[in-house]
Amino acid sequence: MTARPLPASIDATVDLLAEADYLADRSLGTVLYLALRMGRPIFLEGEAGVGKTEIAKVLSSTLGRRLIRLQCYEGLDVAAAVYEWNYAAQMIAIRVAEAEGEHDRSRLEHDVFSERFLIKRPLLQALEPDSAGAPVLLIDEIDRTDEAFEAFLLEVLADFQVTIPELGTVKAAQPPIVVITSNRTREVHDALKRRCLYHWVGYPNADRELSIVRKKVPGIGKKLSEQIVGFVQRLRNQDLFKAPGVAETLDWAGALSELDVVALDPATVSDTLGVLLKYQDDIARLEGSKVKELLDEVKAELRAAE
Amino acid sequence: MPAERSTSNENQPTGRLAENVLYFARALRAAGIPVGPGAVLDALEALRVAGIGTKEDFYWTLHAVFVKRHEHSVLFDQAFRIFFRRRGYIDQMLAMMMPQVPAPPQAPQPGSTRVHEALFSGLDDKLKRQREVELDARMTVSDREVLQRKDFAQMTSAEIAAAKEAMKRLVLPLAEIRTRRLAPHRHGHLIDIRRTLRASMKGGGDFIDLRFIGPKTKPPPLVALLDISGSMSQYSRIFLHFLHALTDARRRVSTFLFGTRLSNVTRALRERDPDDALAACSASVPDWSGGTRIASSLRGFNKLWARRVLTQGAVVLLITDGLERDADDTLAFEIDRLHRSCRRLVWLNPLLRFEGFEARARGIRAMLPHVDEFRPIHNLESMAGLVAALEHGGDRAGDPKAWMQKAWMQKVA
Numbered sequence: 187m188t189a190r191p192l193p194a195s196i197d198a199t200v201d202l203l204a205e206a207d208y209l210a211d212r213s214l215g216t217v218l219y220l221a222l223r224m225g226r227p228i229f230l231e232g233e234a235g236v237g238k239t240e241i242a243k244v245l246s247s248t249l250g251r252r253l254i255r256l257q258c259y260e261g262l263d264v265a266a267a268v269y270e271w272n273y274a275a276q277m278i279a280i281r282v283a284e285a286e287g288e289h290d291r292s293r294l295e296h297d298v299f300s301e302r303f304l305i306k307r308p309l310l311q312a313l314e315p316d317s318a319g320a321p322v323l324l325i326d327e328i329d330r331t332d333e334a335f336e337a338f339l340l341e342v343l344a345d346f347q348v349t350i351p352e353l354g355t356v357k358a359a360q361p362p363i364v365v366i367t368s369n370r371t372r373e374v375h376d377a378l379k380r381r382c383l384y385h386w387v388g389y390p391n392a393d394r395e396l397s398i399v400r401k402k403v404p405g406i407g408k409k410l411s412e413q414i415v416g417f418v419q420r421l422r423n424q425d426l427f428k429a430p431g432v433a434e435t436l437d438w439a440g441a442l443s444e445l446d447v448v449a450l451d452p453a454t455v456s457d458t459l460g461v462l463l464k465y466q467d468d469i470a471r472l473e474g475s476k477v478k479e480l481l482d483e484v485k486a487e488l489r490a491a492e
Numbered sequence: 053m054p055a056e057r058s059t060s061n062e063n064q065p066t067g068r069l070a071e072n073v074l075y076f077a078r079a080l081r082a083a084g085i086p087v088g089p090g091a092v093l094d095a096l097e098a099l100r101v102a103g104i105g106t107k108e109d110f111y112w113t114l115h116a117v118f119v120k121r122h123e124h125s126v127l128f129d130q131a132f133r134i135f136f137r138r139r140g141y142i143d144q145m146l147a148m149m150m151p152q153v154p155a156p157p158q159a160p161q162p163g164s165t166r167v168h169e170a171l172f173s174g175l176d177d178k179l180k181r182q183r184e185v186e187l188d189a190r191m192t193v194s195d196r197e198v199l200q201r202k203d204f205a206q207m208t209s210a211e212i213a214a215a216k217e218a219m220k221r222l223v224l225p226l227a228e229i230r231t232r233r234l235a236p237h238r239h240g241h242l243i244d245i246r247r248t249l250r251a252s253m254k255g256g257g258d259f260i261d262l263r264f265i266g267p268k269t270k271p272p273p274l275v276a277l278l279d280i281s282g283s284m285s286q287y288s289r290i291f292l293h294f295l296h297a298l299t300d301a302r303r304r305v306s307t308f309l310f311g312t313r314l315s316n317v318t319r320a321l322r323e324r325d326p327d328d329a330l331a332a333c334s335a336s337v338p339d340w341s342g343g344t345r346i347a348s349s350l351r352g353f354n355k356l357w358a359r360r361v362l363t364q365g366a367v368v369l370l371i372t373d374g375l376e377r378d379a380d381d382t383l384a385f386e387i388d389r390l391h392r393s394c395r396r397l398v399w400l401n402p403l404l405r406f407e408g409f410e411a412r413a414r415g416i417r418a419m420l421p422h423v424d425e426f427r428p429i430h431n432l433e434s435m436a437g438l439v440a441a442l443e444h445g446g447d448r449a450g451d452p453k454a455w456m457q458k459a460w461m462q463k464v465a
């Protein structure tokens, strides 16, 4: 992976993302550009399925940097996030030294607590020097951990250094590009958000969603893609428990493309509704005549636009 | 202070740009978006980095730095429109200076009233002072009462003091739940290899001294849904005092008030002083003592807030009398969904103060099968009972099945 320099303007950032088939709107491009230039972490919040995690992957592939992913869960602690000692190997080393008759305690400690036995987890990996330039550190779903880990993360993000008591301090030569995502199942503490540049990733508008579908599902019919996007946009205005996100739209477009559907009709839509909606009461709400009603509206609008 | 965008040097914030950004930040602060001086410096650096291009880019650059919550986005939008619009600004200033005729109330855009107040607050005070000089000293009807907000000063002070004291004494440490986080523990079930190894290094590795870790416990998050409609009015404010004491004592307590609509007053209750907290509550909720629409409020809660506050094993306290204005199937569905989303659902009903209470109303019968506990809450004694029950897990007195059986027997007889 050849490393590329950071983009020089907001337009360049949007173009950079478009190279990897990620169509971002201007606000996201602005936030990304500022974060890259000012060296601040990016905090992305939004509903599930709008492409928050994708951004980190796209950034790493287009800028040619390594992607290091830290998936957060409840009970995540330093041992799983920063480093851990390889205890089994250390115990064997101790036993071997004992068998050889080694009794110098400080020498033993020095051998046992060396880099050989250190298992590096994502945060420590991100602070290591990399020839390709600063890596992209993705901290995914930070709302799943608790406040204790957030406080620890705040400290790490402030100085980009961690202290391993036995070895010393590891400081990053180049601060990594940090992307933090959250699904908002818990309010993340203000102190962490203040360090970052915040952006709410919302649902795209019709034009952008259409371009996304056409790029990501190549070979899909023109008319079908327009109808799909029109239907999903209308669906988001209905009072559903969980509105379908961009990922669901792409799944549905892929599914319809596999089924060789040319145009939408109520029967096909009702059969494949499980791809879009994941809650039973939402599917029940759309049963029967509602689907036909929405489809008629979509088709009328498309006909009027021609 | 109209905005002038400097076009001279784009590499340094020259001219009036830096000052204007500073004034804009102060306006945002007054409107309710917490913006510190560090954020202003960041904004200037961001403008230096991004350059001042189109208005859209300028907007999004400032938005990226100043807005840290999705809810503040609306306030920021309104403030930006008012602040960085030249011609309309002058018109508004002139309108404020003219002698006032009370304008017919229009539905305000969300956030616009707060921002508007923030920017023109100085002018309002000045005009009020001028008017007061003309009138003689008579009692003016305060804005709060006109809008039907609850005035807590009507409670006798002795009553309030006694109740507060009792409530402070009531707040005992509530039952803790196990978390997935592990911590050093004397009799834990896992061996903590790291501490074991360190301990055995002391002896030169000759023997291994086992150390254990076990699960950490912490009190579960608490969510309170409080009915503030007319039928509950005598109890709402007392219970708000209790919730305020609880918010002080524990880490994650969220409070929602519902009558005809749902409001989140968690932040208002975080104020240290109970009077300030309740004043902040009443300021943010305009529908005190209105009608009750439990089903639609629960629906709103399930859709907007359930996935945000009920995670990590929350206990929900639903404080309502269950008398629903329009009872239909949605109530049963919504309370079923709420029950499935939380760890324990406790229903506190002041109607249980009547000895001969029977579960006859349709709303109450719809809700009873889906709650884990059903308790009274009309006096301090019942509050103590609630705290004890939350501490030790439910007891027989709060079992809803007893009430349902009675209701069924009534129907049969």
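For the protein sequence lines, the chains are A and B, in the order given.
Convert by adding 186 to the 1-based position in the first sequence; the result is the number in my numbering.
Convert by adding 52 to the 1-based position in the second sequence; the result is the number in my numbering.
Glycine included, C-beta positions come from ideal geometry on N, C-alpha and C.
Bear in mind the structure is a predicted one, so any value in this text is a computation, not a measurement.
CB contact check: residue i to chain B, cutoff 8 Å
i, result
"Thr435/A", "no"
"Val399/A", "no"
"Glu231/A", "yes"
"Glu295/A", "yes"
"His375/A", "no"
"Lys306/A", "no"
"Arg394/A", "no"
Beta carbon proximity, residue i to chain A, threshold 8 Å
i, result
"Gln130/B", "no"
"Ala102/B", "yes"
"Ser349/B", "no"
"Glu108/B", "yes"
"His122/B", "yes"
"Glu323/B", "no"
"Leu369/B", "no"
"Ser125/B", "yes"
"His115/B", "yes"
Span separating the alpha-carbon of residue i from that of residue j
i, j, result
"Leu462/A", "Val200/A", "28 Å"
"Pro452/A", "Leu481/A", "7 Å"
"Arg396/B", "Val423/B", "8 Å"
"Arg360/B", "Ile280/B", "22 Å"
"Gly103/B", "Met224/A", "13 Å"
"Leu298/B", "Leu314/B", "21 Å"
"Ser336/B", "Leu321/B", "11 Å"
"Lys306/A", "Arg417/B", "58 Å"
"Asp195/B", "His296/B", "Only weak support is given to the placement of Asp195/B: the predicted model assigns it a pLDDT of 31, under 50, and the question is left unresolved by the model."
"Val117/B", "Ala95/B", "6 Å"
"Asp197/A", "Ala70/B", "25 Å"
"Thr363/B", "Leu249/A", "36 Å"
"Tyr259/A", "Arg370/A", "14 Å"
"Asp316/A", "Val126/B", "41 Å"
"Ser252/B", "Trp271/A", "15 Å"
"Ala194/A", "Tyr219/A", "8 Å"
"Leu390/B", "Pro361/A", "44 Å"
"Gly416/A", "Leu442/A", "15 Å"
"Asn316/B", "Arg351/B", "14 Å"
"Met284/B", "Ile429/B", "11 Å"
"Pro170/A", "Lys478/A", "One cannot answer for residue 170/A here, as it falls past the ends of chain A, which runs 187 to 492."
"Glu483/A", "Leu203/A", "34 Å"
"Ser247/A", "Thr106/B", "29 Å"
"Phe294/B", "Pro271/B", "17 Å"
Cβ-heavy atom distance, residue i to the ligand SAM, below 7 Å
i, result
"Phe310/B", "Annotation note on the ligand SAM: not contained in the displayed structure, which lists no ligands."
Which residues DSSP lists as bridging residue i, in chain order
i, result
"Lys306/A", "Tyr269/A"
"Lys357/A", "Gln347/A"
"Pro236/B", "Ile265/B"
"Gln257/A", "Asp326/A"
"Glu231/A", "Ser368/A, Trp386/A"
"Ile363/A", "Val322/A"
Any residues in the region 416–447 of chain A with a beta carbon nearer than 7 Å to a beta carbon of chain B? Which ones, in chain order?
Phe427
Which residues, taken in chain order from the region 256–275 of chain A, show a beta carbon closer than 9 Å to some beta carbon of chain B?
Tyr259, Glu260, Gly261, Leu262, Asp263, Ala265, Glu270, Trp271, Tyr273, Ala274
Within the region 250–333 of chain B, ranges of the beta strand (DSSP E) (whole runs, at least 3 residues)
264–270, 274–279, 305–310, 314–316
Ignoring anything shorter than 3 residues, give me the beta strand (DSSP E) runs that lie fully in the region 367–430 of chain B, in order along the chain.
367–371, 396–400, 425–427
Under 7 Å, CB to CB, which of the residues in the region 213–237 of chain A have a partner in chain B?
Ser213, Thr216, Val217, Tyr219, Leu220, Arg223, Met224, Glu231
Below 8 Å between beta carbons is the criterion; list the residues of the region 229–245 of chain B that meet it against any residue of chain A, in chain order.
Thr231, Arg232, Arg233, Leu234, Ile245
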